[in-house]
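In terms of our numbering, the sequence shown is residues 36 to 239.
One structure is given here, and the rest of the page talks about it.
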Amino acid sequence: MTQVLSSAPSPTITPAPSFGAQIADPAPLGLACFALTTFMLSTFNAGILPKSAEVAILGVALFYGGIAQLFAGMWEFVKGNTFGALAFSSYGAFWMSFWYLVAHSGLAKADAPAGVGVFLLAWTIFTVYMTVVTARISGVLFTLFSVLLVTFVFLTIGAFASAPAITHIGGYLGLATAFVAWYASFAGVLNGTVKRVVMPTWPR
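Here it is in structure tokens:
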């Protein structure tokens with residue numbers, strides 16, 4: 036019996052793209068949402084603008100800082116980025132809960148310092164371990180979360196103690212937090228667009 040040998044090349048098997056590989060980086064969006072909303076609130080916390088005008092932030096807190104940032108967190112889940120998913124989803128929820136606290140809170144005026152204080156304390160605790168994790172990611176994120184942590188500490192103390200001067204310091208620290216977040220967002224979108232490092236983020 037004659038054996039027929041095939042000289043046809045074996046088919047090339049192309050590996051399937053990883054799940055979420057074609058999704059754009061959601062981090063610049065999440066950082067921009069966080070930066071802009073933090074900037075607006077911090078102008079009131081710092082005493083630059085009167086508290087009576089704070090209602091102006093509610094729509095931004097709900098839709099941009101809250102819902103849009105939550106979407107960024109969900110897309111980070113798809114990308115497989117555990118830190119980004121947790122951070123953006125959680126701080127998106129922070130802004131939505133802030134919106135509810137200001138717009139629909141039933142807190143009596145006498146109970147407001149304790150209520151707002153424990154709200155801020157809980158977020159301070161969350162930010163502590165997120166800051167620890169950023170030390171393994173990049174210098175710009177570590178800077179961002181470090182300043183955010185100190186911001187929360189001052190705002191928490193200011194709320195519990197009903198001390199406007201302490202809250203004002205927290206407000207100015209919040210402004211610094213916003214600008215660092217904007218830098219990180221700008222770096223992400225610019226570096227990703229030009230496909231090279233223009234704005235460094237000092238990855239670890």
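Beta carbons: idealized from backbone N, C-alpha and C, even for Gly.
Check: CB contact check: M131 to chain B, cutoff 7 Å; Outcome: Absent from the structure is chain B; it holds one protein chain and no more.
Check: Option nearest G127 by Cα separation, candidates P199, L190 and L71; Outcome: L71
Check: Endpoints, the alpha helix (DSSP H) within which V151 is located; Outcome: A147 to T169
Check: Secondary structure of S173, DSSP reduced to three states; Outcome: strand
Check: Proximity winner among P85, Y99 and K230, relative to F123 (alpha-carbon distances); Outcome: Y99
Check: Closer than 6 Å: A88 CB and nearest the ligand FAD heavy atom; Outcome: In the structure shown, the ligand FAD is absent, as is every other ligand, since no ligand is present at all.
Check: Whether W237 touches S173 by CB criterion (7 Å); Outcome: yes
Check: Buried or exposed by the 16-neighbour rule on C-beta atoms within 10 Å, applied to V188; Outcome: buried
Check: Residue nearest to P85 in terms of C-alpha spacing, selected from H203, V224, G108 and P148; Outcome: H203
Check: Distance CB(T212)-CB(T186) smaller than 7 Å; Outcome: yes
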